[in-house]
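K.L.:
So the mapping is simple: this note's numbering equals the position in the sequence shown, first residue as 1, plus 422. Quick reminder that beta carbons are idealized off the backbone N, C-alpha and C, glycines included. This one's a predicted model, so the numbers in the text were calculated from it and none came from an experiment. One structure, as structure tokens, below. Some questions next.
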Amino acid sequence: MEDILRQLQDRFEIRILPEFTSFLSTRVVRDRKQKKLWICMDQYLEKLLTLYELEYHKLSDTPLSTQELVPFDGEATPSQIKAYQRRIGSIIYPASTVRPDVAFGASKLAEFMMNPSPSHLAEANRMITYLYKTRYQAIEYSAVTMDNLEAASDASFADDSMTRRSSQGYLIKLFNGPIAWQASRQKTVTTSTTEAELLALSYTGREIQFLARIFKAIRLDIDEDLSIDCDNQQTVRIVTQQAPTISTKLRHVDIHQFWLRQQVTSGKYQVKWVPTGEMA
Numbered sequence: 423m424e425d426i427l428r429q430l431q432d433r434f435e436i437r438i439l440p441e442f443t444s445f446l447s448t449r450v451v452r453d454r455k456q457k458k459l460w461i462c463m464d465q466y467l468e469k470l471l472t473l474y475e476l477e478y479h480k481l482s483d484t485p486l487s488t489q490e491l492v493p494f495d496g497e498a499t500p501s502q503i504k505a506y507q508r509r510i511g512s513i514i515y516p517a518s519t520v521r522p523d524v525a526f527g528a529s530k531l532a533e534f535m536m537n538p539s540p541s542h543l544a545e546a547n548r549m550i551t552y553l554y555k556t557r558y559q560a561i562e563y564s565a566v567t568m569d570n571l572e573a574a575s576d577a578s579f580a581d582d583s584m585t586r587r588s589s590q591g592y593l594i595k596l597f598n599g600p601i602a603w604q605a606s607r608q609k610t611v612t613t614s615t616t617e618a619e620l621l622a623l624s625y626t627g628r629e630i631q632f633l634a635r636i637f638k639a640i641r642l643d644i645d646e647d648l649s650i651d652c653d654n655q656q657t658v659r660i661v662t663q664q665a666p667t668i669s670t671k672l673r674h675v676d677i678h679q680f681w682l683r684q685q686v687t688s689g690k691y692q693v694k695w696v697p698t699g700e701m702a
């Protein structure tokens, strides 16, 4: 740890603080005996409920309802837009720091920030009450586990009924806890589940290699065996050369599948099939 600190001090101006229990609204809990650490945002989420006057709303069991979110066919007022945007900003912070379970929902709600409907606002309020109800959920890191980077990649084919673009997401773990994740809409329309999975896997592969380079630069000694879990067997067979490449007229997809094969063949990382229920 001291070596890592010296490396950071060589590049950045750093002020050494005593052991802290909170940082930027994030609470930190340690158990040094078990070599574990937890981070959560319970106090921040309690403030959100009060800020948006949702104390008497029913607390939700899920981040979003089953209702499909579609663009508003009316026109929101400036005050309605501001109220909605404030909520989305408040939601995105925990979604990007300690609550990967709401990352997809936050990404979806953010699509309507320029012209939100009353139903969009209701869904944003629902997510805030869900976050409050689950405010004690925490990310746990353990130093007793293997120190290797593990990732999971997934895609949902053509799930946007308005554009037929697919959703994709990844989660990367170190010391048994997530350190990076993202849920987003793919920028292009694909024509099969395998194509969507290949694009998601390619993005995840670049992210895990980027993190590995950062850790190498600061001399954090982690296991060099990088691995990515994928729940689509055909995709795994393609990138591990157990099956022929898919025939596609989408040039960018073709490039991604050959790039993935190259990375796996050269040993940059492994791609493993894992059942959906066992994904990270």
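Does the beta-carbon distance from LYS458 to TYR625 come in below 8 Å?
P.N.:
Not a contact, by the Cβ cut-off of 8 Å.
K.L.:
Name, in chain order, the residues that DSSP records as bridge partners for LYS694.
P.N.:
Bridge partners of LYS694: ASP651.
K.L.:
Do you know how far the Cα of VAL675 is from the Cα of LEU621?
P.N.:
Distance between the alpha carbons of LEU621 and VAL675: 7 Å.
K.L.:
Give, in chain order, every unbroken run of the beta strand (DSSP E) that is at least 3 residues long and sits entirely within the stretch 532-619.
P.N.:
Complete beta strand (DSSP E) runs here, min 3: 561-564, 570-578, 589-596 and 599-607.
K.L.:
Apart from the five residues on each side of it in sequence, which residues of its chain come closer than 8 Å, Cβ to Cβ, to LEU430?
P.N.:
Closer than 8 Å at Cβ, skipping near neighbours: ILE436 and ILE640.
K.L.:
With DSSP collapsed to three states, give me the class of ILE514.
P.N.:
Three-state result, ILE514: helix.
K.L.:
My understanding is that VAL524 touches LEU553, with C-beta atoms under 8 Å, so please give their C-beta distance in whole angstroms.
P.N.:
Right, the Cβ-Cβ distance comes to about 7 Å (below 8 Å), so this counts as a contact.
K.L.:
Could you check what DSSP says for LYS455 in three-state terms: helix, strand or coil?
P.N.:
In the structure shown, LYS455 sits in coil (DSSP, three-state: anything other than H, G, I, E or B).
K.L.:
Between ARG683 and GLN663, how many whole angstroms is the CB-CB distance? I'm expecting something under 8 Å.
P.N.:
Sure, about 6 Å apart at Cβ, within 8 Å.
K.L.:
According to DSSP, simplified to helix, strand and coil, what is THR499?
P.N.:
Three-state DSSP puts THR499 in coil, outside helix and strand.
K.L.:
Roughly how many angstroms separate the alpha carbons of LEU486 and ALA546, rounded to a whole number?
P.N.:
Taking the straight line joining both Cα atoms gives about 8 Å.
K.L.:
DSSP state of THR448, grouped into three classes?
P.N.:
Looking at THR448 - three-state DSSP - the assignment turns out to be strand.
K.L.:
By the three-class DSSP mapping on this structure, what secondary structure does GLU646 have?
P.N.:
Strand at GLU646.
K.L.:
List the residues that DSSP assigns as beta-bridge partners of TRP681.
P.N.:
Per DSSP, none; premise fails for TRP681.
K.L.:
ALA574 and LEU593 - do their beta-carbons sit closer together than 8 Å?
P.N.:
Yes, Cβ-Cβ distance for LEU593 and ALA574 is below 8 Å.
K.L.:
Could you check whether MET549 and ILE514 sit closer than 8 Å to each other, using their CB atoms as the reference points?
P.N.:
Taking 8 Å as the Cβ cut-off, ILE514 and MET549 do not qualify as a contacting pair.
K.L.:
If we count the other Cβ atoms within 10 Å of its Cβ and call it buried at 16 or more, is PRO540 buried or exposed?
P.N.:
Flag for PRO540 reads exposed.
K.L.:
Helix, strand or coil for ILE636? Go by DSSP, reduced to three states.
P.N.:
Helix at ILE636.
K.L.:
Report the CB separation of TRP460 from ILE601 in whole angstroms; it is logged as a contact under 8 Å.
P.N.:
That pair is no contact at about 14 Å.
K.L.:
Mark THR448 as exposed unless 16 or more other C-beta atoms lie within 10 angstroms of its C-beta, in which case mark it buried.
P.N.:
Result: buried.
K.L.:
Would you kindly work out how many angstroms separate the C-alpha atoms of THR412 and LEU476, rounded to a whole number?
P.N.:
In the structure displayed, the chain extends from 423 to 702; residue 412 sits before or after that span and is not available.
K.L.:
Under a three-way DSSP split, which group does ILE426 fall into?
P.N.:
In the structure shown, ILE426 sits in a helix (DSSP, three-state: H, G or I).
K.L.:
Between which two residues does the alpha helix (DSSP H) carrying GLU468 extend?
P.N.:
It spans 464-473 - the alpha helix (DSSP H) in which GLU468 sits, taken as one unbroken run.
K.L.:
Within this structure, are the beta carbons of VAL693 and LEU623 separated by less than 8 Å?
P.N.:
Yes, they are a contact pair.
K.L.:
From the DSSP output, read off the bridge partner residues of ILE438.
P.N.:
Answer is none; ILE438 lacks a bridge partner.
K.L.:
Please name the residue in LEU467, PHE534, ILE510 and SER606 whose C-alpha comes closest to that of ALA498.
P.N.:
Measuring from the Cα of ALA498, the nearest candidate turns out to be PHE534.
K.L.:
Using a threshold of 8 Å, state whether the C-beta atoms of THR657 and GLU629 are closer than that.
P.N.:
Taking 8 Å as the Cβ cut-off, THR657 and GLU629 do not qualify as a contacting pair.
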